[in-house]
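Just so you know, the protein sequences line up as chains A and B, in that order.
full-length UniProt numbering applies: residue 1 is where the first sequence begins, and numbers increase by one.
full-length UniProt numbering applies: residue 1 is where the second sequence begins, and numbers increase by one.
Ideal Cβ positions, reconstructed from N, Cα and C, are used throughout, including at glycine.
2 protein chains.
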Amino acid sequence: MSEPLKIAIAGLGTVGTGTVKLIQENLGLLTLRTGRAISIVAVSARSKKNRDFDMSDITWYDDAVTMAAESDADVVMELIGGSEGIAKEVVETAIAKGRHVITANKALLAHHGAELARKAEEAGVALAYEAAVAGGIPVIKGIREGLAANSFDLVYGILNGTCNFILSNMRETGRDFEEVLFEAQELGYAEAEPSFDVDGIDASHKLSLLASLAFGSEVDFDSVYIEGIRAISSLDIAYADELGYRIKLLGIARKTQDGIDQRVHPCMVPAEQPIALVEGVLNAVVCKGNHVGTSVFEGAGAGGGPTASAVVADLVDIARGTILPTFGIPAAKLEKAVSQPVETREGSYYLRLTVEDRPGVIADIAAILKREKISVKSLLQHESNPGKAVPLVITTQETVELAMIRALESISGLDCVLEKPNMIRIVSL
Amino acid sequence: MSEPLKIAIAGLGTVGTGTVKLIQENLGLLTLRTGRAISIVAVSARSKKNRDFDMSDITWYDDAVTMAAESDADVVMELIGGSEGIAKEVVETAIAKGRHVITANKALLAHHGAELARKAEEAGVALAYEAAVAGGIPVIKGIREGLAANSFDLVYGILNGTCNFILSNMRETGRDFEEVLFEAQELGYAEAEPSFDVDGIDASHKLSLLASLAFGSEVDFDSVYIEGIRAISSLDIAYADELGYRIKLLGIARKTQDGIDQRVHPCMVPAEQPIALVEGVLNAVVCKGNHVGTSVFEGAGAGGGPTASAVVADLVDIARGTILPTFGIPAAKLEKAVSQPVETREGSYYLRLTVEDRPGVIADIAAILKREKISVKSLLQHESNPGKAVPLVITTQETVELAMIRALESISGLDCVLEKPNMIRIVSL
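Written as structure tokens, this is what we have:
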């Protein structure tokens, strides 16, 4: 048996602690599967408090960057998080010192993925990030290797468990966003500062990595169109149900002749589609390859155990000698992404208006839609309350988003429209 | 760039032809992803008829074994099928000559997997078989690498698309097995000789490979308990619906303290469970790991394109230099499987009897169940037809299968029981 593989871990939060526990618990199995002994030689974290694992053979570093530079680790795990600062320094230092890097940090790779991939390749080390997308689900490996025979034109998924939990719970209980968010925070499914999750940023980080990997393009986070779930009300959820849809926050990346379309926004998905049935904190990723057709990966998208499973899967690869280009092809060959603007989307739309209940309202709205050549598919008004505010729901036939945006602007300007309209894209993938 | 990777293909049926087409269509992409040129140098098939791909640079062999021995291929693809005979000779010859082997042949590996894995390892070549289980779904890689951090105690799935199509179609149309089988044959979803599929043998081949890989044991096909779907009637499908279940042919492998339980049989699965919603020719595999929890892989389980996708995924691995032990650990370390007999199962059961409608029938049956300490959960008798045959359906609480088998024997012997009872296991995973 060759030399033990020596590991340094930066960050001992949920994921870091889960990783240490997994390695300690499954050590014999990991050695059997990789043919190598594995040894945690160094750790670093914000505070040197008592941890509930044995630290006696592990060197403590107050500073993670010093650890990345000076420990004798073969592999540095960056489990700190954040797109800049210490996490980035740890990764850069480890690469510069010729150490393999495993990271769970989607923000870092979304912002600096192409550049870090180049550096890792030049240094001849792995930059592995299975844990950065969809937690324990082995979707990076699935696309980079398992489906590597295919060219892809579509990858999409439920990439944020917090949002999926909130939307599932709103549907089950009929409650509104704020109330369910509060419960999610109590349960530990949402952060005290929830905006990375509920505003769609976390899902967008992950989507940009999937797009790079699937399409062979440089990570292009800045081009992702992002809309979170704060505007979804219990009314929207109820109308979706009535119309045969479920509302899901999807990340969708599509390669067309004109470029790459990356978007994260709430979608109305036909209720019988498999992705509509993925509930609670689960994640799912769907890929469409030119020979395999549609493949689905589903499982736990977050949490200490599942994320550690992905971190250690990368470790197993390294221990077995599987060192592949970060995004599946040599970094120098990644194409500059040409972004396709969201306005070019063709699809159907759901529109919920709050209007004053008086004669002529529907005629005014219909006239605007006609001007933009938008055909109405269904129109729902359940209540009548003359002179007062009532909800009016319209779904459209397929139209170009630009026309929809113009129509929305005009509709918002009508006197009879009392609140900002809520528009949700209807998506059938 | 290094030397081109030279390939010889044995068998040009649906999968072989699909593989040639995929390689020719995606050649540039494959070279980009692997960093190596790939070249098909030789093919062999039963007849040298005109193929709809360019054969000008490819050497034809009448005999696949001669090709495995004498061509200068680095990789031999065995896409012939069958557990013995020429397929086995091709694989053994290629390995003996130091060539990597890629096969889609579950029967061969189910019967000779451990032995062939040892030979491949001794020769230092790959014996890769992603295409042998669940077609295009990268589940072998998923378990061997993507979830390699975990110890597993359960892997199960819908492993035969023909059976899943038949059961889905029976439910949708209310028709009986024979009629739907005929349609499946017309559609090309079932073979003219359907018994490998409908009697559960194909699914059992695949299950035995998944079990070996997940549990680190030698392939033990002979221990799989096998029951096909011929006995499922439209009545059973209708009762399942009424009781809130779907009938699926599942392969289930479980590792317990006592050994490994491998079984393929029709199951009544709660209708809201994800596996119950996998319909038509789709396949799905579910793994339960000790850190990742439950992971699901779903997609196309058969067909030229999807299976070729898996064959070429193995080729990409080899081109990239990823050569791993066939069943995830060195062949010499695979444990002898200790099989756990099906009679030890604890679970609930569905029982459909055809009884004479007369007083005392239920009392007689209930007495037998009482003797075997089996509690009834529900009892359905919808028709009354004094003196004539009526269906009587019983579901039980959890009980040991041995008790159920004894009870069934006694019940079958009752005068009032007019046909062989149909028993289906209720499974909640």
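Is the beta carbon of residue i sitting closer than 8 Å to the one on residue j?
i, j, result
"P266(B)", "L249(B)", "yes"
"I166(A)", "A192(A)", "no"
"V417(A)", "V390(A)", "no"
"V219(B)", "L109(B)", "yes"
"V285(B)", "I137(B)", "yes"
"G293(A)", "A300(B)", "yes"
"V65(A)", "T31(A)", "no"
"Q262(A)", "Y225(A)", "yes"
Just curious, the alpha helix (DSSP H) that residue i is in, first and last residue?
i, result
"L210(B)", "I201 to F215"
"Y239(A)", "S234 to L243"
"L315(A)", "G304 to A319"
"C416(B)", "First-last for C416(B): undefined, no H or E at that position."
"A64(B)", "A64 to E70"
"V427(A)", "From DSSP, V427(A) is part of no alpha helix (DSSP H); its letter is neither H nor E."
"G18(A)", "T14 to E25"
"V180(A)", "F177 to L187"
"R99(A)", "Counting along the chain, R99(A) falls outside any alpha helix (DSSP H), and DSSP gives it neither H nor E."
Give the straight-line distance between the Cα atoms of residue i and residue j, rounded to the nearest whole angstrom.
i, j, result
"S2(B)", "A132(B)", "29 Å"
"M423(B)", "V155(A)", "42 Å"
"R46(B)", "E172(B)", "39 Å"
"D197(B)", "G188(A)", "46 Å"
"F152(B)", "N164(A)", "27 Å"
"A149(A)", "G328(A)", "12 Å"
"L353(A)", "M404(A)", "14 Å"
"A313(B)", "L181(A)", "42 Å"
"A367(B)", "A238(B)", "27 Å"
"G302(A)", "L209(B)", "Note that residue 302(A) corresponds to Ala in the displayed sequence, not to Gly. Each residue's alpha carbon lies about 29 Å from the other."
"V316(A)", "R345(B)", "35 Å"
"K373(B)", "P341(B)", "21 Å"
"K119(A)", "I95(A)", "7 Å"
"T307(B)", "R144(B)", "19 Å"
"A190(A)", "A211(B)", "37 Å"
"I201(A)", "A107(A)", "9 Å"
"S168(B)", "R36(A)", "46 Å"
"S309(A)", "D54(A)", "20 Å"
"L277(B)", "V427(B)", "15 Å"
"L22(B)", "R425(A)", "35 Å"
Within the continuous beta strand (DSSP E) that includes residue i, where are the two ends?
i, result
"M77(B)", "V75 to E78"
"M170(A)", "Premise fails: M170(A) lies in the alpha helix (DSSP H), G161 to T173, not in any beta strand (DSSP E)."
"D364(A)", "Here D364(A) belongs to no beta strand (DSSP E); instead the alpha helix (DSSP H) covers V361 to R371."
"K6(B)", "L5 to A10"
"V155(B)", "F152 to I158"
"L379(A)", "V376 to L380"
"R263(A)", "G259 to P270"
"F297(B)", "G293 to A300"
Measuring alpha carbon to alpha carbon, tell me which residue in the options is nearest residue i.
i, options, result
"E217(B)", "K255(B), G347(B) and L334(B)", "Note that residue 217(B) corresponds to Ser in the displayed sequence, not to Glu. Nearest option by C-alpha distance: L334(B)."
"T59(A)", "Q262(A), E372(A), S44(A) and F221(A)", "S44(A)"
"G16(B)", "E89(B), Q381(B), V76(B) and S56(B)", "V76(B)"
"Y349(A)", "M55(A), K106(A) and T399(A)", "T399(A)"
"P4(B)", "T14(B), L27(B) and L22(B)", "L27(B)"
"A214(A)", "Q273(A), V224(A), V281(A) and K288(A)", "K288(A)"
"T395(A)", "S410(A), S378(A), A114(A) and M55(A)", "S378(A)"
"K388(B)", "E419(B), S410(B) and I411(B)", "E419(B)"
"V361(B)", "L414(B), S375(B), F53(B) and E78(B)", "L414(B)"
"D63(A)", "F53(A), K49(A) and I86(A)", "I86(A)"
"I158(A)", "V281(A), L116(A), P325(A) and R406(A)", "V281(A)"
"A332(B)", "G146(B), E115(B), G305(B) and L22(B)", "E115(B)"
Can you find the residues in the same chain that come closer than 8 Å, C-beta to C-beta, to residue i, ignoring five residues on each side of it along the sequence?
i, result
"P386(A)", "D357 and R358"
"R51(B)", "L12, T17 and V20"
"G98(A)", "A123, G124 and V125"
For residue i, which residues in the same chain have their Cβ closer than 7 Å to its Cβ, ignoring the five residues on either side in sequence?
i, result
"A271(B)", "G244, Y245 and R246"
"F221(A)", "A110, H111, S204, H205 and S208"
"V139(B)", "V133, V285 and F297"
"A240(B)", "R246, I247 and M268"
"A42(B)", "A8, I58, T59, Y61, M67, S71 and A73"
"H291(A)", "A149 and N150"
Within a Cβ cutoff of 6 Å, which residues of the same chain sit near residue i, ignoring the five residues on either side of it in sequence?
i, result
"S375(A)", "Q397"
"G142(A)", "F297"
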